[in-house]
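Undergrad:
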Amino acid sequence: MHIQQIESKIHEIRGQKVMLDYDLADLYEVETRALNQAVKRNIDIFPSAFMFQLTENEWERMSSQIVMTSLNKRPKTALPYAFTEHGVTMLANVLKSKKARLTSIAIVRAFITLKKFISNYNEISETLKELENKYNQQFKDVYEAINYLLNKEKQEISQKERKRIGYK
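Number 482 in this note's numbering belongs to position 129 of the sequence shown; there are no gaps in the numbering.
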């Protein structure tokens with residue numbers, strides 16, 4: 354299983370990185386209905402920090418943003434469940450197959466890769482902001498000097514064109 358395939362199925366909802374039930378069912382090679390039934394039979398190991406159901410608004414926004422391969426996987430009327438990294442880990446315990454364990458490992462690795470990327474991105478972003486602030490000040494000084502010189506030339510030209518009045 355390729356980490357890029359898994360990463361493309363990780364979404365941000367409510368400020369959390371999550372995977373939707375139909376994507377997980379596809380990865381685990383089970384029906385979405387079967388996955389959700391297994392979760393409901395073991396709901397005590399899926400607190401709200403591990404899994405939550407999308408609201409209608411969230412689902413409408415998501416389904417308009419992502420291209421779904423098949424509406425049969427998840428009809429728009431049935432609201433999907435979103436699983437955090439911890440919820441995905443718990444799915445391996447619920448599904449209890451070798452495929453589920455291997456898939457969970459791959460998914461957790463994808464979450465870790467994503468976290469590392471975000472961490473590196475934040476560091477790069479901070480460095481860029483620092484450089485921008487430093488060089489913007491230097492360029493501001495250059496722009497002010499250029500504007501001063503341009504305005505000085507305009508003043509000199511306007512003084513030459515100005516008709517003198519008074520005693521000669």
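By construction, the Cβ of each residue, glycine as well, lies at the ideal position given by its N, Cα and C atoms.
Computed from a predicted structure; not experimentally measured.
Please classify Thr437: is it buried, with 16 or more other beta-carbons within 10 angstroms of its beta-carbon, or exposed?
TA: Within the sequence shown, residue 437 is the residue found at index 84, counting from 1. Label assigned to Thr437: buried.
Undergrad: In the structure shown, what three-state DSSP assignment does His364 receive?
TA: Mapped onto the sequence shown, residue 364 falls at position 11. Residue state, collapsed to three classes: strand.
Undergrad: Report, in whole angstroms, the separation of the C-beta atoms of Asn389 and Tyr434, which I expect to be a contact under 8 Å.
TA: Position 36 of the sequence shown, counting from 1, holds the residue named residue 389. Position 81 of the sequence shown, counting from 1, holds the residue named residue 434. Contact holds; Cβ gap of about 7 Å.
Undergrad: In the DSSP assignment, find the beta strand (DSSP E) that holds Leu432 and state where it starts and stops.
TA: In the sequence shown, residue 432 corresponds to position 79, counting from 1. Unbroken run through Leu432: none, as it is neither H nor E.
Undergrad: Can you tell me the Cα-Cα spacing of Pro400 and Leu373, whole angstroms?
TA: As a working note, residue 400 is residue 47 in the sequence shown. As a working note, residue 373 is residue 20 in the sequence shown. Using only the alpha carbons, I get a separation of about 16 Å.
Undergrad: By how many angstroms is the C-alpha of Phe492 removed from the C-alpha of Glu382?
TA: For the purposes of this step, residue 382 is taken as the residue at position 29 of the sequence shown. For the purposes of this step, residue 492 is taken as the residue at position 139 of the sequence shown. Distance between the alpha carbons of Glu382 and Phe492: 57 Å.
Undergrad: Which residues bound the beta strand (DSSP E) around Val371?
TA: Working through the sequence shown from its first residue, we reach residue 371 at position 18. First-last of the beta strand (DSSP E) with Val371: Gln369 to Leu373.
Undergrad: Give the straight-line distance between the Cα atoms of Thr456 and Thr408, rounded to the nearest whole angstrom.
TA: The residue given as residue 456 occupies position 103 in the sequence shown. The residue given as residue 408 occupies position 55 in the sequence shown. Cα-Cα distance, rounded: 27 Å.
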